[in-house]
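If you read the sequence shown in my numbering, its first letter stands for residue 43, the second for the next number, and so on. Below you'll find the structure, written out as structure tokens, and then a few comments.
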Amino acid sequence: MRFRWIFGRARTRQGYQIAKPHYEDLGESGGDNVLIDQTRDRVNARLEVWRQALESKGFRLSKTKTEYLRCKFSDVLDEADVEVRLATQIIPKKESFKYLGSVIQENGDIDDDVIHRIGVAWTKWRLASRVFCDKKIPPRLKGKFYRVVVRPTLLYGTECWPLKNAHVQKMHVAEMRMLRWMCGHTRSDKIRNEVIREKVGVASVVDKLREARLRWFGHVKRWCADAPVRRCEGLVVEGKRRGRGRPKKYWGEVIRQDLAQLHLTEDMTLDKKEWRSRIRVE
43 MRFRWIFGRA RTRQGYQIAK PHYEDLGESG GDNVLIDQTR DRVNARLEVW
93 RQALESKGFR LSKTKTEYLR CKFSDVLDEA DVEVRLATQI IPKKESFKYL
143 GSVIQENGDI DDDVIHRIGV AWTKWRLASR VFCDKKIPPR LKGKFYRVVV
193 RPTLLYGTEC WPLKNAHVQK MHVAEMRMLR WMCGHTRSDK IRNEVIREKV
243 GVASVVDKLR EARLRWFGHV KRWCADAPVR RCEGLVVEGK RRGRGRPKKY
293 WGEVIRQDLA QLHLTEDMTL DKKEWRSRIR VE
């Protein structure tokens, strides 16, 4: 409750109104909070109000953990001479940082997040390696344990990824290596991937990625049209000049490919039960 009071105080302190979406309260601990605005000057103003609100209740913002990321989605504003500061200390600028389990990059790509997900999944796998490498445990039981412990870690946050083929291939290779080791095999044994998957009873990570995307897509489409998550679908970035080469792949493009592959339409999302049955991968 104390942090809720501080958030409310920060939004109205000294008559400086701060809209609620600019402050995200992500827990009672106050450990993960984000300030968002369009310019560094305005971020500085909000950061100062937030600092004062915390200090009024005996809290301190960590000067070593606070950092900022600039996502340059528009070419309109350029603030090369403006620094983000916490009191008198300059806040370091990062090209990417981990936030709530995901790695956010300033250019909007997901390369670092894919690598991070694979690394975290391997960490989970190694923690349970005594189970996965035990020859006395049936492969099917290992597969069930993998589906419960490791795969959710690998797929965390992937619902919104605009995946490229290179990303999918990296995740596929990582998962197949885990499954082969669970069965006591390596690639040199020349056993087909389908045989390994059948042995442990684990569906392809490619299919599970598609299922996760479509599940989230259905959830979004069932929201009312004026919901924030629906309004994000139609956002247009002003002042952005298109660079050379092919445009970046975006989430909507991946969804259209998924719908075409499974012969689905957007109208089907309205029936939640039917939609889930059509996209489900065992």
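Note that CB positions come from ideal geometry on N, CA and C, so glycine has one too.
Is it the case that the Cβ atoms of residue i and residue j are separated by a distance below 7 Å?
| i | j | result |
| --- | --- | --- |
| VAL271 | PRO204 | no |
| ALA254 | THR307 | no |
| VAL85 | VAL126 | yes |
| LYS184 | MET220 | no |
| PRO181 | VAL242 | yes |
| ALA163 | VAL191 | no |
| LEU256 | ASP313 | no |
| LYS336 | LYS291 | Residue 336 lies beyond the stretch modelled for the chain, which goes from 43 to 324, so this question has no answer here. |
| CYS113 | GLU148 | yes |
| THR195 | LYS263 | no |
| LYS250 | VAL323 | yes |
| GLY143 | TYR198 | yes |
| GLN131 | LYS105 | yes |
Is residue i helix, strand or coil when you go by DSSP?
| i | result |
| --- | --- |
| LYS315 | helix |
| VAL191 | helix |
| LEU304 | helix |
| ARG288 | coil |
| VAL362 | This structure leaves residue 362 out entirely; the chain is present only between 43 and 324. |
| ASN75 | strand |
| ARG323 | The sequence shown places Val at residue 323, rather than the Arg named in the question. Three-state DSSP puts VAL323 in coil, outside helix and strand. |
| ASP309 | helix |
| LYS105 | coil |
| ASP154 | helix |
| GLN299 | helix |
| LEU68 | Residue placement at LEU68 is poorly supported in this model, since its pLDDT is 35, which falls under 50; the coordinates are not used for a value here. |
| GLN56 | For GLN56, the predicted model reports a pLDDT of 42, less than 50, meaning its position is unreliable; a value from the coordinates is still stated below. Here GLN56 sits in helix by DSSP. |
| ILE238 | helix |
| ARG264 | coil |
| LYS166 | helix |
| SER230 | helix |
| LEU89 | helix |
| LEU256 | helix |
| CYS274 | helix |
| ALA95 | helix |
| GLY341 | Only positions 43 to 324 of the chain appear in this structure, which leaves residue 341 out of reach. |
| GLY27 | The question about residue 27 has no answer, for the chain in this structure spans 43 to 324. |
| TRP47 | Residue placement at TRP47 is poorly supported in this model, since its pLDDT is 49, which falls under 50; the coordinates still yield a value, given next. Looking at TRP47 - three-state DSSP - the assignment turns out to be helix. |
| ALA269 | coil |
| PRO63 | Legend: pLDDT at PRO63 = 38, less than 50; position of this residue unreliable, value from coordinates given subsequently. DSSP places PRO63 in helix when its eight states are reduced to three. |
Can you tell me the Cβ-Cβ gap for residue i and residue j, rounded? I've got them flagged as a contact below 8 Å.
| i | j | result |
| --- | --- | --- |
| ALA245 | ILE160 | Going by Cβ atoms, the distance from ALA245 to ILE160 rounds to 18 Å, so no, they are not a contact pair. |
| PHE139 | GLU109 | 6 Å |
| VAL248 | HIS209 | VAL248 to HIS209, Cβ: 11 Å. No contact. |
| TRP317 | GLY226 | The Cβ separation is near 39 Å, so there is no contact. |
| LEU96 | LEU128 | 11 Å between Cβ atoms; not a contact. |
| HIS158 | VAL145 | 5 Å |
| ARG88 | ASP79 | 6 Å |
| THR228 | ARG222 | 6 Å |
For residue i, which beta-bridge partners are listed by DSSP?
| i | result |
| --- | --- |
| ARG127 | ILE132 |
| LEU111 | LYS136 |
| ILE146 | PHE139 |
Would a check of beta-carbon distances place residue i closer than 7 Å to chain C?
| i | result |
| --- | --- |
| GLY226 | No chain C is present in this structure, which holds just one protein chain. |
Alpha helix (DSSP H) segments (min. 4 residues) lying fully within the region 169 to 223: 171 to 174, 181 to 191 and 193 to 197
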